[in-house]
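S.K.: The numbering used here applies: residue 233 is where the sequence shown begins, and numbers increase by one. Handing you this structure, nothing more for now.
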Amino acid sequence: LTVGCITHELKPEERKAAYNSDVTYGTNNEFGFDYLRDNMVVYKEEMVQRELNFAVVDEVDSILIDEARTPLIISGIGEKSTDMYKVADAFVRTLKKDDFEVDEKSHSVSLTDSGVEKAEKFFNLENYADAANMELQHHIIQALKAHNLMKRDIDYVIKDGEVIIVDEFTGRLMFGRRYSDGLHQAIEAKENVKVERESKTLATITFQNYFRMYNKLSGMTGTALTEEEEFRTIYSLDVIVIPTNKP
233 LTVGCITHEL KPEERKAAYN SDVTYGTNNE FGFDYLRDNM VVYKEEMVQR ELNFAVVDEV
293 DSILIDEART PLIISGIGEK STDMYKVADA FVRTLKKDDF EVDEKSHSVS LTDSGVEKAE
353 KFFNLENYAD AANMELQHHI IQALKAHNLM KRDIDYVIKD GEVIIVDEFT GRLMFGRRYS
413 DGLHQAIEAK ENVKVERESK TLATITFQNY FRMYNKLSGM TGTALTEEEE FRTIYSLDVI
473 VIPTNKP
């Protein structure tokens, strides 16, 4: 049997050779992003993965259940200016606690009536709720989230003047990954670092949808039995308990 290993620094031709091995090792992130990149190539010969035949997932409950809806996103540079993030951040800093509401459970924020009045005065608006102000509303909401839901040194860290996401499951720094929908820029404005231009999504997939494309799927973990119903419902997988060598 031939064996290949997918690591972050591999070149496309090296990745293709690794995927053509009988057995290929790698992380769920590497497999998922290679799938997305394969779907963006112009010529079939540029694809690195082959048919998704059989996957064995270690710590399967963590990948297929806990992180199931985690999106993998390939982004491109957007065209919008970053100025509005700074202005929205300046406005949010003027608000008092009674001017907005925070729901940590649903990860949502909103302005109260007093907050809307202050927004209309700050931005010289006749009607904050007017459809013409939707983009401004979006920037304000993202700024509110950055200040009230996203915690420094828990959700992200500042390293070399950049906002780096912290993986909520592993605690590792996720270099190169950015929050979507303008949230990352709102955090950059909050932390007074360079606000990068907003990206636009070119391709995306969740771990759940990626692994469901395999012809055969299996995995192992010490805690699968508690998620038995989800494995059966979502992935049509049975959970089998393997007895320990010694009681």
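Idealized CB from N, CA, C, for every residue including glycine.
Out of PHE263, ARG247, VAL292, which one is the CA nearest neighbour of GLU278?
M.R.: Reading the sequence shown from its first residue, position 46 is the one you call residue 278. Here the closest residue by C-alpha is ARG247.
S.K.: Taking the straight line between their C-alpha atoms, what separation do you get for HIS370 and ALA250?
M.R.: Sequence index remark: in the sequence shown, residue 370 carries index 138 (1-based). Sequence index remark: in the sequence shown, residue 250 carries index 18 (1-based). Each residue's alpha carbon lies about 44 Å from the other.
S.K.: In terms of residue numbering, what span does the beta strand (DSSP E) encompassing PHE286 cover?
M.R.: Position 54 of the sequence shown holds residue 286. That run of the beta strand (DSSP E) goes 286-290.
S.K.: On the three-state DSSP scale, how would you describe LEU457?
M.R.: Along the sequence shown, one-based indexing puts residue 457 at 225. Three-state DSSP puts LEU457 in a helix.
S.K.: So the candidates are LEU268, SER340, PHE265, LEU296; which of them puts its Cα closest to the Cα of ALA401?
M.R.: Sequence index remark: in the sequence shown, residue 401 carries index 169 (1-based). Going by the sequence as given, residue 401 is Phe instead of Ala. It is LEU296.
S.K.: Considering only residues of the same chain and omitting the five flanking positions on each side of PHE407, which have a CB-CB separation below 8 Å?
M.R.: For this step, residue 407 is matched to residue 175 along the sequence shown. Taken in chain order, the residues that qualify are ILE396.
S.K.: CA-CA distance, GLU428 and ALA361?
M.R.: Numbered from 1 along the sequence shown, position 196 holds the residue referred to as residue 428. Numbered from 1 along the sequence shown, position 129 holds the residue referred to as residue 361. Approximately 28 Å, taken between the alpha carbons.
S.K.: Leaving aside the five residues before and after PHE323 along the sequence, list all residues of the same chain whose C-beta is less than 6 Å from its C-beta, in chain order.
M.R.: Locating residue 323 in the sequence shown gives position 91, counting from the first residue. Correct list, in chain order: PHE354.
S.K.: Determine the contact status of TYR446 and ALA300, defining contact as a CB-CB distance below 7 Å.
M.R.: The residue given as residue 446 occupies position 214 in the sequence shown. The residue given as residue 300 occupies position 68 in the sequence shown. No. Outside cutoff.
S.K.: Quick one: which unbroken alpha helix (DSSP H) runs of 4-plus residues sit fully inside the stretch 251-330? Chain order, please.
M.R.: Whole alpha helix (DSSP H) segments, 4+ residues: 260-270, 315-324.
S.K.: For LYS318, which residues of its own chain have a beta-carbon under 6 Å away from its beta-carbon, when the five flanking residues on both sides are left out?
M.R.: For this step, residue 318 is matched to residue 86 along the sequence shown. Hits under 6 Å: ALA421.
S.K.: If you measure from the beta carbon of GLU462 to each beta carbon in chain D, is any gap under 7 Å?
M.R.: The structure shown has no chain D; it contains just one protein chain.
S.K.: By Cβ distance below 7 Å, which residues in the same chain neighbour ARG444 in space, the five residues on each side in sequence not counted?
M.R.: As a working mapping, residue 444 is identified with position 212 in the sequence shown. TYR467, listed in sequence order.
S.K.: Look up ALA435 in the DSSP assignment and say whether it is helix, strand or coil.
M.R.: Mapped onto the sequence shown, residue 435 falls at position 203. The answer is strand: DSSP assigns ALA435 an E or B state.
S.K.: Do the stretch 251-259 and the stretch 409-416 meet, that is, are 3 or more Cβ pairs less than 8 Å apart?
M.R.: The answer is no - the stretch 409-416 does not touch the stretch 251-259, with fewer than three Cβ pairs under 8 Å.
S.K.: Among residues of its own chain, excluding the 5 on either side of LYS448, which ones have a beta-carbon nearer than 8 Å to its beta-carbon?
M.R.: The sequence position of residue 448 within the sequence shown is 216, counting from 1. Counting only Cβ-Cβ distances below 8 Å, and skipping sequence neighbours, we find ASN285, PHE286, ALA287.
S.K.: So SER450 is in the beta strand (DSSP E); what residue range does that whole segment cover?
M.R.: In the sequence shown, residue 450 corresponds to position 218, counting from 1. Element bounds for SER450: 448-452.
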